[in-house]
Amino acid sequence: MGATVDWLRTTTPGLLVLCGLAIAVLLFAIIKVKLEPFIALLLTGLALALAAGLPVSKIVGTAIKSGDSILETGFGGILGHIAVIIGLGTVLGAILEKSGGADVLTRKLLDLFGERGAPVAMGLLGLIFGIPVFFDIGIFVLAPLIYVAAKQGGRSLVLYAMPMLAGLSMTHAFLPPHPGPVALGGLLGVSLGWLILMGFICGIPGFIAAGIVWGSYIGKRIHVEVPEEFLVTKDDEAETAPDEGERVSDGSGGVATKTVTATPPSVGLIGAIIAIPLILILGATFGTQLLDKNSQLLQVLTFFGTPAVALLIAVLVAFYVLGVRRGSTVQELSQLTAESLRPVGMLLLVVGAGAFFGKVISATGIGTALADTMSAAGLPVIVLAYIISCGLRIAQGSATVAIVTTGGIVAPLVASGGYSQMSIALIAMAIAAGSIILSHVNDGGFWIIAKFFNMSVKQTLQTWTVLETILSVVSFAVAATLFAIVS
18 MGATVDWLRT TTPGLLVLCG LAIAVLLFAI IKVKLEPFIA LLLTGLALAL AAGLPVSKIV
78 GTAIKSGDSI LETGFGGILG HIAVIIGLGT VLGAILEKSG GADVLTRKLL DLFGERGAPV
138 AMGLLGLIFG IPVFFDIGIF VLAPLIYVAA KQGGRSLVLY AMPMLAGLSM THAFLPPHPG
198 PVALGGLLGV SLGWLILMGF ICGIPGFIAA GIVWGSYIGK RIHVEVPEEF LVTKDDEAET
258 APDEGERVSD GSGGVATKTV TATPPSVGLI GAIIAIPLIL ILGATFGTQL LDKNSQLLQV
318 LTFFGTPAVA LLIAVLVAFY VLGVRRGSTV QELSQLTAES LRPVGMLLLV VGAGAFFGKV
378 ISATGIGTAL ADTMSAAGLP VIVLAYIISC GLRIAQGSAT VAIVTTGGIV APLVASGGYS
438 QMSIALIAMA IAAGSIILSH VNDGGFWIIA KFFNMSVKQT LQTWTVLETI LSVVSFAVAA
498 TLFAIVS
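So the sequence shown is numbered by the working numbering: it starts at 18 and just counts up by one.
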């Protein structure tokens, strides 16, 4: 027995077996036991640390001092990096949605592209509005607009929904301030500016292939009608006063209220607010590359381009131009902020627990063993990252769990590889791409889409599942090609 334990703790094959067993236990706990991912990640990480023989003082610290423990540094390191960013990003998305920004963007895009180009317009709507808004919130907000466009166009709901969903999925997977990319920035030590740049470069080709090309193809072959209960009826419109909001179906038989503002904001204003943090963050990134490190201008760019500061500026601008200037009180804006932040707590706990799990993997030496095995097999780190992320996504369904777990596993390989910021950002894109592949029945998003867009399980597999896989494969192909060129 002692010889087996020593083999598991000290040899490369043993450490890899230990890691494989830990991941298997994690997946069993999430999939079969239905344990909350936060709890499952925490339990599995503690069990792996004990099984690998790490001292208790190193795992959890002592009764007097625990600040240097793996548990606290694992959680605290990543949450200190992402909590403010995700919180501010959530608030920004809430004020943009509440102001009627989605309606304004929809009307403008439909005017630009016309009836024949309406599916493309819906794709761009998802792409633009998806930058500050979480994926599921984007569906809740934009679905009623898709219903109207499909009804007016007289074509399949699939033709309009797929491009929009591709846009939402691409931004959610590849671009800050969404949780996955932000978490990867902290886990892999890469700036959000590089993640934004590589996110657009890798994600846009995937969006075009999955949302525009595949969406147009499958939308002409699978016809899904817009149920009347999904639409606002004339009687409803007549009974609803402008200042009360119009009633639209929430896709599950209930009725949601969609705020209608008497004077909606302009498209330029909405676009400018969304662009503020992106421009500031990219300014700091390029300034670091182009300016002298002692330059006063670089100091200014670095301060305002810090993601938390950039998003805070965007939130304050949005509060004023979309809130106070349009009649909202500070109390109303505070209430909106509080409501929008309620769902964020569990998300942050999952990311923190995933980072702890990754920290344990690093401390046990499993990362070094994995690097040695990968080198012997001649497998590039970007391919390994994609494969691990794909496997975790397919097995347990959560993109966030796949991202934080994979990030923790490959972080030691990245740290020891001497890669540039661009190369690390591309590895992050590979992990993000793997985290969205093959969405199926174990993914909550699968059921949201089936419900909101009136599709059977078979139709959802034929449309949404294939879309996610195309988005994943194409985006990874772009990332891998660029990685081969620059590394």
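Beta carbons: idealized from backbone N, C-alpha and C, even for Gly.
Taking just the CA atoms, how far does V334 sit from L60?
What you label residue 60 is simply residue 43 of the sequence shown in a count that begins at 1. What you label residue 334 is simply residue 317 of the sequence shown in a count that begins at 1. If I take the Cα positions, the gap works out to 42 Å.
Just list the alpha helix (DSSP H) runs in the stretch 469-499, keeping only unbroken ones of 4 residues or longer that don't cross its boundaries, in chain order.
474-477
So the candidates are S504, A494, F321; which of them puts its Cα closest to the Cα of Y403?
Stepping through the sequence shown from its first residue, residue 403 is reached at position 386. Answer by Cα proximity: A494.
Given the structure, does I383 come close to the ligand FAD, in the sense that its CB is under 6 Å from one of the ligand's heavy atoms?
Only the bare structure without any ligand can be found here, which leaves the ligand FAD out of the picture.
Does the distance from the CB of P196 to the CB of T417 come in under 7 Å?
Position 179 of the sequence shown, counted from the first residue, corresponds to residue 196. Position 400 of the sequence shown, counted from the first residue, corresponds to residue 417. Closer than 7 Å, so yes.
A20 - DSSP class collapsed to helix/strand/coil
Translated into positions along the sequence shown, residue 20 becomes position 3. In the structure shown, A20 sits in a helix (DSSP, three-state: H, G or I).
So, using beta-carbon positions, are L109 and A325 closer together than 7 Å?
As a first step, residue 109 must be located in the sequence shown, where it is residue number 92. As a first step, residue 325 must be located in the sequence shown, where it is residue number 308. Cβ atoms of L109 and A325: not closer than 7 Å.
Here's the rule: buried if 16 or more other CB atoms are within 10 angstroms of the residue's CB, otherwise exposed. What is W231?
Here the question's residue 231 lines up with position 214 in the sequence shown. Buried: at least 16 other Cβ atoms inside 10 Å.
In angstroms, rounded to a whole number, what distance separates the CA positions of W464 and V458?
For the purposes of this step, residue 464 is taken as the residue at position 447 of the sequence shown. For the purposes of this step, residue 458 is taken as the residue at position 441 of the sequence shown. The straight-line gap from Cα to Cα measures roughly 7 Å.
What first and last residue would you give for the alpha helix (DSSP H) that runs through F157?
As a position in the sequence shown, residue 157 is number 140, starting the count at 1. Per DSSP, F157 belongs to the alpha helix (DSSP H) from 152-170.
At the level of alpha carbons, what is the spacing between G5 and S116?
A query on residue 5 cannot be resolved here, the shown segment of the chain reaching from 18 to 504 and no further.
What distance in whole Å lies between the Cβ atoms of L43 and A66, which are believed to be in contact at a cut-off of 8 Å?
Working through the sequence shown from its first residue, we reach residue 66 at position 49. Working through the sequence shown from its first residue, we reach residue 43 at position 26. So it is not a contact: roughly 14 Å between Cβ atoms.
Starting from the Cα of F303, find the closest Cα among V317, I290, M472 and give me that residue.
For the purposes of this step, residue 303 is identified with residue 286 of the sequence shown, where counting begins at 1. Out of V317, I290, M472, V317 has the C-alpha closest to the C-alpha of F303.
Starting from E114, trace the alpha helix (DSSP H) both ways and give me its first and last residue.
If you number the sequence shown from 1, residue 114 lands on position 97. 87-115 is the extent of the alpha helix (DSSP H) around E114.
Just the C-alpha distance for T79 and E53, rounded to the nearest angstrom, thanks.
Residue mapping note: residue 79 aligns to position 62 of the sequence shown, counting from 1. Residue mapping note: residue 53 aligns to position 36 of the sequence shown, counting from 1. If you take the alpha carbons of T79 and E53, they lie about 27 Å apart.
Taking just the CA atoms, how far does H189 sit from L488?
The residue you call residue 488 lines up with position 471 of the sequence shown. The residue you call residue 189 lines up with position 172 of the sequence shown. Taking the straight line from one Cα to the other gives about 12 Å.
Cut-off 6 Å between Cβ atoms - residues of its own chain near S312, not counting five sequence neighbours on either side:
On the sequence shown, position 295 is the one that residue 312 refers to. Taken in chain order, the list of residues that qualify is empty.
Measure the alpha-carbon distance for A447 versus G206 and round it to whole angstroms.
Numbered from its first residue, the sequence shown carries residue 447 at position 430. Numbered from its first residue, the sequence shown carries residue 206 at position 189. Cα to Cα, the separation comes out at about 15 Å.
Residue span of the alpha helix (DSSP H) that contains A183, given as start and end
Along the sequence shown, one-based indexing puts residue 183 at 166. That run of the alpha helix (DSSP H) goes 174-191.
Work out the CA separation of G170 and S269 for me, nearest whole Å.
Stepping through the sequence shown from its first residue, residue 269 is reached at position 252. Stepping through the sequence shown from its first residue, residue 170 is reached at position 153. The predicted model places S269 with a pLDDT of 41, which falls under 50 and marks its position as unreliable; any figure quoted below should be read in that light. Distance between the alpha carbons of S269 and G170: 23 Å.
Do you know whose CA, among A119, I296, Y164, lies nearest S179's CA?
Within the sequence shown, numbered from 1, the residue matching residue 179 stands at position 162. The amino acid at residue 179 is misidentified as Ser; the sequence shows Met. Minimum Cα distance to M179 is reached at Y164.
DSSP-derived helix/strand/coil call for P194
Numbered from its first residue, the sequence shown carries residue 194 at position 177. DSSP places P194 in coil when its eight states are reduced to three.
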